[in-house]
Amino acid sequence: MTGTSPENNSNNATASASPLLEVRNLTLDFGGLRALNGASLQVRQGTITGLIGPNGAGKTSLFNVVAGYFAPNAGRVLVDGEDITALPPHRIFERGICRTFQIPREHASMSVLENLMLVPTGQSGEGFFASLFRGGRVRAEEQAHREHAEQVLEFLNLSHLAHEYARNLSGGQKKLLELARTLMAEPKLVLLDEPGAGVNPTLMERLRENIERLNQERGITFLIIEHDMDLIMRLCNPVIVMSEGRHLMEGPPEAVRNDKRVLEAYLGGQYAAAEG
Amino acid sequence: MSQVIFIKGLMLGIALAFILPILLPPGRPWRVPGGIVLGLATGLILAALIPGGYLSYVISFLIMASIYGLLSLGLNTQWGYTGHLNFGVAGFFAVGAFTSALMTIEAPTGVAAQYTQVLFGLEMPFLVGVATAAVVSGVVALIVAVPVLRLRMDFLAIATIGVAEIIRLIFQNERWLANGPQPLRGIPQPARCLFESEGCAWLPEGMAWIIEPLTTRDYSAFYLIVVAAFLALLYLIIERACRSPWGRMLRAVRDDEASAAMNGKHVTYARVQSFVVGAVVMGIAGALYAHYTVAIDYSHFHALFATFIVWIMLMLGGSGNHRGAILGAIIIWAVWSGTSFIASGLEPVLAAIHEELPGRAQYIRWLLVSLLLAGIVLFRPQGVLREEMRVSNYLRKDGGSRDG
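Okay, structure coming up:
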């Protein structure tokens with residue numbers, strides 16, 4: 302663990318001050334359980350923002366609300382200043398927001414290539430009648446999507462798996478496939494839910510490099526939930542800490558690592574005191 | 007070979023020329039021409055070799071197999087591609103059958119009206135009846151889809167079987183609609199006049215001699231062509247739509263709804279679309295059935311004959327594969343028809359055990375079919391023709407893609 306964040310990230314972080322994603326006072330209840338309790342946070346354009354917190358802090362719930370999977374009980378989600386609260390998932394996707402899942406959810410019965418070709422929106426072949434009568438147009442689109450998918454696979458070094466069943470991929474490869482799917486959409490903001498969980502160190506390094514490259518070369522903003530502190534420290538700036546369904550603090554990785562409140566949130570008050 | 011046998015053989019051959027290209031392996035250039043030649047040849051050879059009575063049996067077998075093929079095709083769109091556990095096939099089958107019947111029959115007048123009550127009888131042509139059946143079945147599916155498609159898997163199965171029972175009970179009890187519990191008779195058959203002694207008014211004089219020796223008993227050979235043509239046409243349509251981004255979207259929804267939604271797909275819309283498309287195909291099958299049997303009543307639409315046997319057909323043929331769905335329909339209908347002979351053959355043996363048993367011999371058929379289903383599930387769960395990995399046919403061109 303080096304503890305120093307990559308220079309480019311801090312540059313990007315200061316380059317643009319307008320928040321790409323803004324979450325205001327989100328509340329989400331599951332029966333008697335309050336998963337989100339007035340959570341507010343901002344993700345600035347061009348950053349790789351980390352989102353950490355102990356189990357049950359509401360990180361994944363926040364993702365689910367932002368991506369439209371759950372409607373919040375209260376609060377707002379804004380993207381580029383526009384309210385997207387509780388829009389259906391496919392509408393939010395059209396605004397350039399992609400999420401991945403903690404446990405990869407690939408379309409098991411299809412090839413890796415078609416898992417990717419599925420993603421682009423506005424495919425005319427997805428209309429029943431267009432698929433029957435607009436063969437030429439559908440063919441041209443399919444050709445374009447195929448080329449795009451092959452480029453993405455090449456970018457992520459997955460070309461050799463293009464014609465493999467998605468279900469046959471290893472856990473780490475599925476994580477890369479999740480990332481590949483977000484790339485098919487040309488997203489503005491990518492929400493990654495524990496991209497490093499269950500991934501071996503070699504693949505993890507590739508994953509990290511890919512995220513960095515995408516951030517630098519294509520200007521994609523990332524919000525990453527991760528428990529691997531090494532990955533967070535090396536990749537993310539700023540880091541947001543959540544605890545008990547709300548925003549606890551945020552700052553550069555070193556500041557977060559040395560913050561007493563964060564230690565308390567993870568270990569509980571008395572242990573933190575003993576440590577300090 | 008007499009003229010009658012030749013013409014019957016030719017009609018059987020034309021029908022087989024529609025069916026066989028579906029069953030031959032795809033992606034080969036000889037598929038369609040080979041299937042047509044093989045179909046025509048098989049038809050003529052069968053007509054030449056087997057006696058007339060058995061030939062009629064073959065023809066009626068193929069008509070029912072093709073109608074079941076359509077039901078299986080519709081179910082495959084719903085279950086094979088989208089994962090709808092629809093146990094209400096019989097409902098859409100009934101809606102199609104009664105709609106087409108009401109559109110085409112003559113409304114009874116005078117004394118007959120006391121015995122046969124119908125909502126209306128429009129005397130429309132056959133094709134209008136079939137088209138209306140398709141539309142009405144689709145509309146019913148749409149109305150049903152709104153509340154029912156919120157459910158998944160076994161809950162959806164329970165709801166759809168309920169819907170099918172409601173539809174059947176409506177046709178059983180509502181006398182004003184389609185003659186209540188009594189059969190609705192006199193459903194016209196397309197171009198039947200060709201086989202009647204007066205002949206058809208629209209047929210040119212010079213052509214009449216060709217079919218003159220045929221009688222109304224030979225009509226089913228002609229109707230087989232009609233049913234086979236519908237099967238081929240609907241197979242082409244459904245296969246084309248499913249092997250395109252539309253089918254890929256459906257399969258994505260089937261594999262993982264949440265993930266499909268996060269990939270920007272409108273899951274509800276996709277689910278409703280496939281349910282409606284499948285129901286339209288089932289409705290057309292119902293219309294073809296009504297015009298084949300001429301008289302229909304509620305008892306034709308029991309879940310056993312119109313839902314569960316279709317499921318067995320699809321499971322055996324291979325869900326997710328339209329070719330398999332149709333192949334499965336033909337195989338299971340052959341098994342079902344064949345077990346009738348087994349059951350009859352067993353009657354003396356059963357009589358020796360107990361005097362009441364021969365009367366129940368036909369139930370052995372269900373036992374045999376369910377054993378077959380158990381065998382499929384245990385030994386070949388993917389079906390005879392398994393689902394292919396590649397969804398979109400637009401990816402077929404190069405050698406890179408490998409079929410599962």
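Taken in order, these protein sequences are the chains called A and B.
Residues in the first sequence are numbered from 302 upward in steps of one, following my numbering.
Residues in the second sequence are numbered from 7 upward in steps of one, following my numbering.
Glycine included, each C-beta is placed from N, C-alpha and C at the ideal position.
With residue i as the anchor, note down where its beta strand (DSSP E) starts and where it stops.
i, result
"phenylalanine 523(A)", "522-526"
"glycine 376(A)", "375-380"
"phenylalanine 126(B)", "Where phenylalanine 126(B) is concerned, there is no enclosing beta strand (DSSP E), given that its DSSP letter is neither H nor E."
"arginine 325(A)", "320-331"
"valine 154(B)", "Element bounds for valine 154(B): not the beta strand (DSSP E) but the alpha helix (DSSP H), 132-154."
"isoleucine 353(A)", "349-353"
"arginine 392(A)", "Here arginine 392(A) belongs to no beta strand (DSSP E); instead the alpha helix (DSSP H) covers 390-395."
"leucine 464(B)", "With chain B running from 7 to 410 in the structure shown, residue 464(B) is simply not present."
Leaving out five residues before and five after residue i in sequence, what residues of the same chain have Cβ atoms less than 6 Å from its Cβ?
i, result
"alanine 463(A)", "Val413, Leu414, Leu454"
"proline 307(A)", "With a pLDDT of 45 at proline 307(A), under the threshold of 50, the modelled position of that residue is not reliable, and no figure is offered here."
"glutamate 112(B)", "Gly127, Glu129"
"arginine 468(A)", "Ala409"
"alanine 450(A)", "Leu414, Leu417, Met418"
Residue i lies in the alpha helix (DSSP H); which residues open and close that run?
i, result
"serine 362(A)", "360-367"
"glutamate 545(A)", "Element bounds for glutamate 545(A): n/a, residue is neither H nor E."
"glycine 15(B)", "9-29"
"asparagine 179(B)", "159-179"
"leucine 209(B)", "First-last for leucine 209(B): undefined, no H or E at that position."
"threonine 248(B)", "The amino acid at residue 248(B) is misidentified as threonine; the sequence shows cysteine. Start and end: 225-248."
"isoleucine 398(A)", "Looking at the DSSP string, isoleucine 398(A) is not in any alpha helix (DSSP H); the run it does join, the beta strand (DSSP E), is 398-400."
"valine 117(B)", "Segment: none, valine 117(B) is in no alpha helix (DSSP H) and carries neither H nor E."
"glycine 339(A)", "Element bounds for glycine 339(A): not the alpha helix (DSSP H) but the beta strand (DSSP E), 334-345."
"proline 554(A)", "554-558"
Leaving out the 5 sequence neighbours to the left and right, which residues in its chain are closer than 7 Å to residue i when beta-carbon positions are compared?
i, result
"arginine 181(B)", "Gln123"
"leucine 85(B)", "Checking the sequence shown, residue 85(B) turns out to be tryptophan, not leucine. Correct list, in chain order: Leu91, Asn92, Leu320, Ser325."
"asparagine 511(A)", "Leu457, Leu480"
"arginine 257(B)", "Tyr87, Val397"
"leucine 352(B)", "Ala367, Ile370"
Kindly list the residues whose CB is nearer than 8 Å to the CB of residue i, restricted to its own chain and excluding five residues on each side of it in sequence; keep chain order.
i, result
"arginine 174(B)", "Ala96, Gly97, Ala100, Tyr304, Phe307, His308"
"arginine 402(B)", "Gly33, Arg396"
"valine 142(B)", "Val101, Gly102, Thr105, Gly289"
"asparagine 374(A)", "Thr328, Leu329, Asp330"
"phenylalanine 402(A)", "Glu479, Asp494"
"serine 460(A)", "Glu451, Leu454"
Using a beta-carbon distance below 8 Å, is residue i in contact with chain A?
i, result
"asparagine 269(B)", "yes"
"valine 283(B)", "yes"
"serine 66(B)", "no"
"tryptophan 252(B)", "yes"
"valine 414(B)", "Look at the range of chain B in this structure, 7 to 410, and you will see that residue 414(B) is not part of it."
"glycine 405(B)", "Unreliable positioning characterises glycine 405(B) in this predicted model, as indicated by a pLDDT of 41, which lies under 50. The coordinate reading is nonetheless provided below. Answer no: the Cβ-Cβ gap between glycine 405(B) and chain A never drops below 8 Å."
"methionine 17(B)", "no"
"serine 398(B)", "yes"
"arginine 408(B)", "Confidence at arginine 408(B) is low in this model, with a pLDDT of 40, below 50, so its placement is unreliable and no value can be given for it."
"isoleucine 243(B)", "yes"
"methionine 288(B)", "no"
"methionine 395(B)", "yes"
"histidine 272(B)", "yes"
"serine 265(B)", "yes"
"leucine 401(B)", "yes"
Can you determine whether any heavy atom of the ligand PLP sits closer than 7 Å to the C-beta of residue i, and answer yes or no?
i, result
"glutamine 388(B)", "Judged by which ligands are present, the structure shown has none, so any question about the ligand PLP falls away."
Counting only beta-carbon atoms, is residue i nearer than 8 Å to chain B?
i, result
"glycine 472(A)", "no"
"threonine 303(A)", "Residue placement at threonine 303(A) is poorly supported in this model, since its pLDDT is 41, which falls under 50; the coordinates still yield a value, given next. No, threonine 303(A) lies away from the interface with chain B (no Cβ there is under 8 Å from its Cβ)."
"tyrosine 567(A)", "no"
"methionine 505(A)", "no"
"serine 460(A)", "no"
Legend entry - Stretch-stretch touch, CB-based, cutoff 8 Å, three pairs: the segment 528-544 of chain A with the segment 437-445 of chain A: Fewer than three beta-carbon pairs drawn from the segment 528-544 of chain A and the segment 437-445 of chain A are found closer than 8 Å, and the two stretches are therefore not classed as touching.
Inset, instruction - Report yes or no: do the segment 14-23 of chain B and the segment 37-56 of chain B share at least 3 C-beta pairs separated by less than 8 Å? - result: Contact between the segment 14-23 of chain B and the segment 37-56 of chain B is established, with three or more Cβ pairs separated by less than 8 Å.
Legend entry - Inter-stretch contact (C-beta, 8 Å, three-pair minimum) for the segment 544-554 of chain A and the segment 355-369 of chain A: With a cut-off of 8 Å, the segment 355-369 of chain A and the segment 544-554 of chain A count as touching, because enough Cβ pairs lie within range.
Inset, instruction - Could you tell me whether the segment 362-379 of chain B touches the segment 57-66 of chain B, where touching means 3 or more Cβ pairs closer than 8 Å? - result: Taking 8 Å as the limit for Cβ pairs, the verdict is that the segment 57-66 of chain B does not touch the segment 362-379 of chain B.
Inset, instruction - Taking 8 Å as the threshold, find out whether the segment 260-271 of chain B comes into contact with the segment 70-80 of chain B through three or more Cβ pairs. - result: Output reads no: the segment 70-80 of chain B does not touch the segment 260-271 of chain B.
Inset, instruction - Examine the Cβ distances between the segment 360-371 of chain B and the segment 336-348 of chain B and report whether three or more of them are shorter than 8 Å. - result: With a cut-off of 8 Å, the segment 336-348 of chain B and the segment 360-371 of chain B count as touching, because enough Cβ pairs lie within range.
Legend entry - Validate contact between the segment 496-511 of chain A and the segment 423-431 of chain A using beta carbons, cut 8 Å, 3 pairs: In this structure the segment 496-511 of chain A does not touch the segment 423-431 of chain A; the number of beta carbon pairs closer than 8 Å is below three.
Legend entry - Segment contact, 8 Å Cβ cut-off, at least three pairs: the segment 279-294 of chain B with the segment 237-246 of chain B: Yes, since at least three Cβ pairs between the segment 279-294 of chain B and the segment 237-246 of chain B fall closer than 8 Å, the two stretches touch.
Inset, instruction - Mind the definition here: the segment 191-201 of chain B touches the segment 553-565 of chain A only if three or more C-beta pairs lie below 8 Å; say whether that holds. - result: No contact exists between the segment 191-201 of chain B and the segment 553-565 of chain A.
Legend entry - Validate contact between the segment 391-402 of chain A and the segment 228-237 of chain B using beta carbons, cut 8 Å, 3 pairs: Not touching, per the Cβ criterion.
Legend entry - Every unbroken alpha helix (DSSP H) within the segment 408-437 of chain A, with a cutoff of 4 residues, ordered by chain: Segments of the alpha helix (DSSP H) lying fully in the segment 408-437 of chain A: 413-418, 429-434.
Legend entry - Within the segment 456-523 of chain A, ranges of the beta strand (DSSP E) (whole runs, at least 3 residues): For the segment 456-523 of chain A, whole beta strand (DSSP E) runs of length 3 or above, ordered along the chain, are 490-494.
Inset, instruction - Pick out the complete alpha helix (DSSP H) segments inside the segment 38-94 of chain B, 4 residues or longer, and give them in chain order. - result: Scanning the segment 38-94 of chain B from its first residue to its last, the whole alpha helix (DSSP H) runs of 4-plus residues come out as 58-81.
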